[in-house]
Amino acid sequence: MLSDASNFIKEVDGVFLFILGISLALLILITILMILFVIKFNRKRNPRPKNIKGNTTLEIIWTVIPTILVVGMFYYGWYGYKKMTAAPKDAFEINVNGKMWAWEFIYPNGKKTDTLVVPIQKPIKLNLKSLDVNHSLYIPAFRIKKDVIPNKDNSLWFIANEAGVYDIACAEYCGLRHSYMYSKLYAIHQNEFDKWYNSKTDTTLTKK
Amino acid sequence: MTAINVHTGDNGSNGNHLDYLHSPKKYKGIFNWIFSTDHKKIGILYLISMLTFFAVGVVFGFLMRLELISPGKTIMEPQTYNQIFTLHGVIMIFLFIIPGLPAVFGNFFLPIMIGAKDVAFPRLNLLSWWLFVIGGFVALISLFLPGGPADTGWTFYIPYSVRTSTNVIPALIGAFILGFSSILTGLNFITTIHRLRAPGMSWFKMPLFAWSLYATGWVQILATPIVGITLLLVAIERWFGVGIFDPALGGDPIVYQHLFWIYSHPAVYIMILPAMGVISEIIPVYARRTIFGYKFIAYSSMAIALFGSLVWAHHMFTVGMSNTAMWLFSLLTFLVAIPSAIKVFNWVATLYKGSIVLEPAMLFALAFIFNFTIGGFTGLMQGALALNIHIHDTSFIVAHFHYVMFGGTGFGIFGALHHWFPKMFGRMYNKKVAKIAWVFLFIGFQLLYFPLFIAGYLGMPRRYYDYLPEFHIWHFISTVGSWILITGLIIMFTNLIIALRKGEKAVANPWGGVTLEWTIPSPPIHENFEKIPVVEKDPYDYTHYEELEEVKN
Chain L
0 MLSDASNFIK EVDGVFLFIL GISLALLILI TILMILFVIK FNRKRNPRPK NIKGNTTLEI
60 IWTVIPTILV VGMFYYGWYG YKKMTAAPKD AFEINVNGKM WAWEFIYPNG KKTDTLVVPI
120 QKPIKLNLKS LDVNHSLYIP AFRIKKDVIP NKDNSLWFIA NEAGVYDIAC AEYCGLRHSY
180 MYSKLYAIHQ NEFDKWYNSK TDTTLTKK
Chain W
0 MTAINVHTGD NGSNGNHLDY LHSPKKYKGI FNWIFSTDHK KIGILYLISM LTFFAVGVVF
60 GFLMRLELIS PGKTIMEPQT YNQIFTLHGV IMIFLFIIPG LPAVFGNFFL PIMIGAKDVA
120 FPRLNLLSWW LFVIGGFVAL ISLFLPGGPA DTGWTFYIPY SVRTSTNVIP ALIGAFILGF
180 SSILTGLNFI TTIHRLRAPG MSWFKMPLFA WSLYATGWVQ ILATPIVGIT LLLVAIERWF
240 GVGIFDPALG GDPIVYQHLF WIYSHPAVYI MILPAMGVIS EIIPVYARRT IFGYKFIAYS
300 SMAIALFGSL VWAHHMFTVG MSNTAMWLFS LLTFLVAIPS AIKVFNWVAT LYKGSIVLEP
360 AMLFALAFIF NFTIGGFTGL MQGALALNIH IHDTSFIVAH FHYVMFGGTG FGIFGALHHW
420 FPKMFGRMYN KKVAKIAWVF LFIGFQLLYF PLFIAGYLGM PRRYYDYLPE FHIWHFISTV
480 GSWILITGLI IMFTNLIIAL RKGEKAVANP WGGVTLEWTI PSPPIHENFE KIPVVEKDPY
540 DYTHYEELEE VKN
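Heads up: the protein sequence lines correspond to chains L and W, in order. FYI, numbering that gives the first Met the number 0 numbers position 174 of the first sequence as 173, with every residue one higher than the one before it. FYI, numbering that gives the first Met the number 0 numbers position 121 of the second sequence as 120, with every residue one higher than the one before it.
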């Protein structure tokens with residue numbers, strides 16, 4: 000968590016930790032209160048209950064505070080998401096075909112690969128196309144995902160910050176070998192990428 | 000609550016009437032049951048059929064977990080796994096969780112709790128059960144057809160569901176029939192609540208379980224037809240080649256997803272609302288005090304039904320919707336959390352200054368609050384757009400909805416079973432064994448589902464037959480948890496089944512409840528009341544316990 004693999008980690012993990020923090024605090028509060036009440040107001044210790052019908056002030060408090068909290072969570076999530084939808088105009092575009100059960104990456108110069116090779120620190124835009132059923136391109140380490148649907152032009156973008164090898168999974172159920180529809184993403188330095196991009200062979204990196 | 004004395008647990012004498020299990024019979028043997036229009040017998044019929052389907056669903060779940068105990072093939076082929084997780088979902092959702100509380104406990108207790116002799120349309124009620132059983136068998140018939148059961152997941156997403164060679168159509172027809180069963184039950188309950196409340200039982204004197212069934216009924220009536228229409232559209236597409244959903248015919252698969260979730264998201268509230276109603280019944284009884292914030296709990300059920308119908312597209316945050324749709328559905332999703340939070344706070348406040356005894360049903364209610372709170376908070380995480388993109392369609396979601404559906408509604412059903420068992424069957428189970436079962440269920444549940452949150456956040460997609468080695472530890476813990484959970488289920492049901500025959504005779508009011516069902520004998524007589532009660536007090540009026548002790552002191 001809070002790695003720097005892609006440009007969206009900070010937003011996604013940030014909103015996660017934000018909601019997790021509030022949730023844990025409230026969960027602990029609720030659980031402790033339940034246990035405390037069960038012990039303190041046990042029938043042996045407290046045979047005489049007190050019928051309290053309610054308290055409007057409390058009701059208002061525990062309606063207003065959660066409302067403020069969830070609107071905050073909503074905004075934090077929306078803020079991060081907006082960034083995910085705004086691909087820069089100069090992004091390097093790669094076409095992706097999803098099919099049962101493999102990924103195919105087609106570069107602007109016509110190069111076709113079964114693994115995704117991208118230069119680091121440069122916006123990359125993937126144009127997603129399905130050749131058969133629904134798929135979903137998912138790069139867990141980058142915190143991004145987008146469904147790949149026939150007859151629908153979906154796309155996603157990211158910047159790989161650090162060189163490395165990452166998993167690409169299919170996240171939308173697509174039949175028999177859905178769980179094997181994995182590929183790899185190689186994030187490499189620009190000069191290394193240029194060399195690979197202009198070479199005739201596809202597989203230099205896959206064999207590494 | 001009524002003129003009838005509820006302070007003492009009398010011996011459940013039936014007066015001049017026989018209880019519903021022994022009342023004069025119109026038909027012989029099993030026909031006395033399957034043609035009975037008595038709401039209590041229909042409730043028991045639902046209970047038996049629902050638990051049968053539940054057992055099948057548990058077996059499938061157990062097999063899935065066993066397959067996932069380690070990477071690679073363990074006990075089955077990927078095709079089998081895909082069919083099993085589909086069946087597990089279809090059975091658990093349509094045949095267990097949806098009918099679980101309304102059709103079983105709603106049927107049995109709604110008329111009693113509002114002081115009625117039966118539901119408004121008893122024969123329609125019997126028809127609902129028949130449709131339920133027929134729908135269930137149609138859905139399961141594919142097990143025995145060439146090609147085998149559907150392998151599409153319970154969502155039947157197009158285009159995969161039109162391309163697979165497995166038997167999708169029987170499952171869809173089954174769901175269609177089951178939909179009518181659900182609609183008719185909802186209609187019946189709404190009418191019953193509007194027309195058959197006992198004299199003096201105003202809307203705000205109704206028990207909260209009745210309120211939750213009322214909210215549920217509206218969702219059943221308004222949302223369920225959409226899944227029927229969707230199925231008809233699929234049929235038209237397949238038979239006449241009209242492109243509606245299938246992209247190969249120029250259709251739009253996203254429209255299918257919208258229509259599917261316009262029903263199936265509200266269906267989630269059909270599943271959880273009655274469970275919330277049960278918790279609102281259980282807590283005051285074992286805390287011996289009035290519920291905190293009655294009106295807020297009642298209104299929040301209606302708010303959940305209303306808002307819950309407007310959030311369906313949060314199941315589709317990764318399909319590529321416009322930014323406007325995204326923020327709107329995200330915001331609405333967050334807002335629906337508020338009435339749920341209000342309920343939780345009110346339940347916890349109801350424990351304050353109560354006189355609490357931890358009977359089995361109360362333990363299930365407290366576990367419900369804990370599990371449902373975790374399910375709710377992880378739901379908030381998925382409502383946040385940026386975060387949703389990462390955890391969408393991972394095992395995080397699987398953990399989340401099991402926390403709500405099983406840890407919530409499932410535990411609610413178990414709680415209802417232990418709370419009302421003596422009333423329904425006139426026998427008491429072994430409480431100690433029930434508590435032991437609860438410990439197994441609670442611990443097994445946490446071990447089974449919590450690791451899936453972690454694996455999901457680390458990038459484990461859902462509906463995977465196989466997985467990367469880095470997820471092994473989480474799957475392993477989860478599978479071990481499933482064994483503990485199933486042990487708990489076996490202990491719990493064995494205990495209850497033994498109690499059916501050998502349990503001590505139950506008194507009319509073993510827990511000291513004050514709602515109307517505790518004022519009549521256990522088991523109740525045919526048509527419930529010798530004389531329709533006149534309701535004067537609030538539904539959770541426990542003031543006599545204060546007075547009672549005052550006198551003693």
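Virtual Cβ for every residue (Gly too), placed ideally from N, Cα, C. For clarity, every value in this text was computed on a predicted model and none was experimentally measured.
{"query": "Starting from the beta carbon of L:G76, find every residue of chain W whose beta carbon is closer than 8 Å, and list them in chain order.", "result": "S329, G382, A383, L384, A385, L386, N387"}
{"query": "Touch check for the segment 269–285 of chain W and the segment 247–259 of chain W: three-plus C-beta pairs under 8 Å?", "result": "no"}
{"query": "Taking 7 Å as the cut-off, is the C-beta of W:V356 nearer than that to any heavy atom in the ligand ATP?", "result": "Absence of the ligand ATP from the depicted structure is noted, as is the absence of any ligand whatsoever, leaving it without description."}
{"query": "What is the DSSP secondary structure of W:L195, reduced to helix, strand or coil?", "result": "coil"}
{"query": "Return the residue from the list W:I253, W:G443, W:P206 that minimises the CA-CA distance to W:I476.", "result": "W:G443"}
{"query": "Could you compute how far the alpha carbon of W:P338 sits from the alpha carbon of L:K183?", "result": "44 Å"}
{"query": "Quick check on the burial criterion: 16 or more other C-beta atoms within 10 angstroms. Buried or exposed for L:D193?", "result": "exposed"}
{"query": "W:I341 CB to nearest chain L CB: under 8 Å?", "result": "yes"}
{"query": "For the putative contact between L:I93 and L:I123, defined by C-beta atoms under 8 Å, what is the C-beta separation to the nearest angstrom?", "result": "7 Å"}
{"query": "Considering only DSSP beta bridges, list what L:G97 is partnered with.", "result": "L:W102, L:S129"}
{"query": "Can you pull the chain L residues whose beta carbon is under 9 Å from the beta carbon of W:N81, in chain order?", "result": "Y172, G174, L175, H177"}
{"query": "Note down, in chain order, every chain W residue with its Cβ under 8 Å from the Cβ of L:W61.", "result": "A340, I341, F344"}
{"query": "Please list the terminal residues of the continuous alpha helix (DSSP H) segment that includes W:G135.", "result": "121–140"}
{"query": "Pick helix, strand or coil for L:E191, following the three-state DSSP scheme.", "result": "helix"}
{"query": "Hey, could you find the ends of the alpha helix (DSSP H) L:A168 is sitting in?", "result": "Not the alpha helix (DSSP H): L:A168 falls in the beta strand (DSSP E), residues 163–169."}
{"query": "Span of the alpha helix (DSSP H) holding W:W562?", "result": "Lying before the first or after the last residue shown, residue 562 of chain W is absent from chain W, which here runs from 0 to 552."}
{"query": "Using a Cβ-Cβ distance under 8 Å, would L:Y80 count as near chain W?", "result": "yes"}
{"query": "Report the neighbours of L:T66 on chain W: residues whose CB is nearer than 7 Å to its CB, in chain order.", "result": "I337"}
{"query": "Got a sec: which bits of the segment 313–327 of chain W sit with their beta carbon under 7 Å from any beta carbon on chain L, in order along the chain?", "result": "T317, V318, G319, N322, M325, W326"}
{"query": "To the nearest whole angstrom, what separates the beta carbons of W:A209 and W:I278, a pair I think is in contact under 8 Å?", "result": "In fact, because the Cβ distance is near 14 Å, the residues do not count as touching under 8 Å."}
{"query": "Determine, using beta carbons only, whether L:L68 and L:V95 come nearer to each other than 8 Å.", "result": "no"}
{"query": "Starting from L:W156, trace the alpha helix (DSSP H) in both directions and tell me its first and last residue.", "result": "Taken as a continuous stretch (DSSP letters only), L:W156 belongs to no alpha helix (DSSP H), being part of the beta strand (DSSP E) at 153–158."}
{"query": "In chain W, which residues lie less than 9 Å from L:S5 when you measure between Cβ atoms?", "result": "Per Cβ cutoff of 9 Å: no residues; L:S5 is ~11 Å from chain W at best."}
{"query": "Does the segment 190–198 of chain W touch the segment 125–141 of chain W, meaning 3 or more C-beta pairs lie closer than 8 Å?", "result": "no"}
{"query": "Between the segment 40–74 of chain W and chain L, which residues of the former have CB atoms less than 7 Å from a CB of the latter, in chain order?", "result": "none"}
{"query": "Under a CB-based cut-off of 8 Å, is W:V347 close to chain B?", "result": "In the displayed structure, chain B is absent; the protein chains listed are L and W."}
{"query": "Against chain L, with Cβ distances strictly below 8 Å, would W:L379 count as a contact?", "result": "yes"}
{"query": "Would you give the residue range spanned by the beta strand (DSSP E) that L:K145 belongs to?", "result": "143–147"}
{"query": "Can you check which of these residues, W:I90, W:A115, W:Y80, is closest to W:H38 by C-alpha distance?", "result": "W:A115"}
{"query": "Are the beta-carbon atoms of W:N345 and W:F295 separated by less than 8 Å?", "result": "yes"}
{"query": "Do we get a CB-CB distance below 8 Å when we pair W:V356 with the residues of chain L?", "result": "yes"}
{"query": "Beta-carbon of L:Y185 versus every beta-carbon of chain W: anything under 8 Å?", "result": "no"}
{"query": "What separation, rounded to the nearest whole angstrom, lies between the Cα atoms of W:G178 and W:Y45?", "result": "15 Å"}
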